Amino acid sequence: MKKYNVCMVGIGAVGTEIVRLLRKRNFPMAKLTAFATRERMELIDGKPVEVKVATGPESFNGYDFAFFAGTEGAKGASKTLGWGAAETGCTVVDNGDDFRMDPRVPLCIPEINPEALKNHHNFIANPNCSTAIALMPLYALHREAKIKRIVCCTYQAVSGSGAAAIRELEEQTRAWAAGGPIPEPKVYPAQIAFNVIAQIGSESKDMPGYTSEEAKLGRETQKILNDASIQVVSTCVRVPVFNGHSEALHVEFHTPLTPERAREILSQTQGVQVVDDLARSIFPTPLRATGEYDAFVGRIRRDPTVPNGLSLFVAGDNIWKGAAQNAIQIAEKMIEMGLK
Ligand SMILES: NC(=O)c1ccc[n+]([C@@H]2O[C@H](COP(=O)([O-])OP(=O)(O)OC[C@H]3O[C@@H](n4cnc5c(N)ncnc54)[C@H](OP(=O)(O)O)[C@@H]3O)[C@@H](O)[C@H]2O)c1
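Numbering (numbering that gives the first Met the number 0), first residue to last: 0 to 339.
As structure tokens, then:
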């Protein structure tokens, strides 16, 4: 079997899990290197990973895949290095938001729209974590009854904001438990321990009054499901959970769909596990979903306030299916489809 030279750009919360999952999934790797802001040796699960600094496109010569998990924006790794890397023949799989809506760039969840990969220009985008987790159950229901509108409320873990945010929740919680003063927040606009924060990202330019995270959920859903008519409205909230995003989804379909039929479809959907027995207090939780490949769905019930409405609750590992795992699945799917 062919083996591929792989590099990471960024070795924080997502980058570390990419390395872990490449090993766990036996990705056919000949070589693995990481790029970050300074040279060093990182130990991941006791095994060394060499970390270098990328200076330009030449740093990517000889690599088959580059998983980008650096910071976003004008000075971020994807904008400064991404397309240069792609031009060397290396396929970039980008975890950030910079190019997700770029018409040249497929936005892919391999279980849902693998065909999008055929039109790649060596640059593929990984969706936002909340989008990926919500769409795992929703795509199968969309195929059955066509989604008209989604109302989504998220409960997002701090790991979604990176390694510094995980430390912030830990430090605040430890300080509280020790009876000392809680340190001032640095990552979030308010204390995250024992609190919830109804702002993820900055105010959206396209959707005044909404945040950038809320805007992403709508436009990425339309691009991945290839249906611009789907309406999405959301409130994205950060909660004091270390890992695992949860989402309450209220969905209106074009045609009737009973909870029983939805449960039947979802129990046969790749990448989804149904965990749904209210009488026995069985429902998805972020702790249950952490360290799992699948999205967990439950609380499936009729929404009596709209025609053809269903409500459900989903939880998934935002660092795995919401980022690292989906990025690796994209590379695996490209190999399977003979695109690499
Ligand atoms: N966390 C999630 O759930 C999640 C989900 C979906 C998408 N994403 C996206 O994935 C990306 C990474 O997120 P994260 O949570 O892993 O962040 P993080 O924990 O803050 O780590 C960022 C990493 O990027 C490196 N870096 C920053 N600027 C760089 C540059 N110009 N060149 C090379 N490396 C650079 C940093 O290097 P040093 O180690 O040297 O400081 C660090 O290793 C972001 O775009 C984020 O939006 C995250």
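Don't be surprised by glycine CBs; every beta carbon is placed ideally from N, CA and C.
Just so you know, these numbers come straight off a predicted model, no measurement behind them.
- Considering only L216, V52, V240 and P113, the residue with the shortest C-alpha distance to S233 is L216.
- Rounded to whole angstroms, the separation of the alpha carbons of S211 and A33 is 29 Å.
- For I223 and R279, the gap between their C-alpha atoms comes out near 35 Å.
- For ligand 1, no non-hydrogen atom lies closer than 7 Å to the CB of V313.
- Taken in chain order, the whole beta strand (DSSP E) runs of length 3 or more contained in the segment 115-181 are 122-124 and 146-155.
- Each of P303, E263, V305 and D93 was checked against the Cα of A139, and the nearest Cα belongs to E263.
- Here G297 really is in contact with V273; their C-beta atoms are around 7 Å apart, less than 8 Å.
- Taking 8 Å as the upper bound for CB-CB distance, F67 and G9 are in contact here, some 7 Å apart.
- In the DSSP assignment, the residues bridged to P47 are L42.
- In the three-state DSSP reduction, R287 falls in the helix class (H, G or I).
- Taking C-beta atoms as the reference points, P283 and A314 count as a pair closer than 8 Å.
- CA-to-CA, the gap between S245 and Y154 works out to about 5 Å.
- Contact between the segment 254-263 and the segment 163-180 is absent: fewer than 3 CB-CB pairs across the two stretches fall below 8 Å.
- Annotation for G161: G11 and A12 place their beta carbon closer than 7 Å to its own, counting only its chain and skipping 5 residues before and after.
- Under the 8 Å Cβ criterion, the segment 63-78 does not count as touching the segment 101-119, having fewer than three qualifying pairs.
- Runs of the beta strand (DSSP E) lying entirely within the segment 215-276 and spanning at least 3 residues, in chain order: 230-237, 244-252 and 271-273.
- Residues of the same chain with a CB within less than 7 Å of the CB of I327, apart from the 5 flanking positions on each side, are I17, L20, L21, R24 and F26 in chain order.
- For V273, the distance from the CB to the nearest heavy atom of ligand 1 is not below 7 Å.
- The segment 298-313 makes no contact with the segment 84-98, as fewer than three CB pairs between them are under 8 Å.
- The shortest CA-to-CA distance from A29 to any of A35, N4 and C152 is the one to N4.
- D226 and A214 do not touch by the CB rule: their CB atoms are close to 17 Å apart, not below 8 Å.
- DSSP, reduced to helix, strand and coil, places R22 within a helical segment of the structure shown.
- Taking C-beta separations shorter than 8 Å and ignoring five residues to either side along the sequence, the partners of D275 in its chain run R262, I281, F282, V296, G297, R298 and I299, following chain order.
- For Q198, the CB contacts under 7 Å within the same chain, skipping 5 residues up- and downstream, are P188 and T210 in chain order.
- Residue burial annotation: D44 is exposed, with fewer than 16 other C-beta atoms found within 10 angstroms of its C-beta.
- Taking C-alpha positions only, A144 is separated from Q269 by approximately 18 Å.
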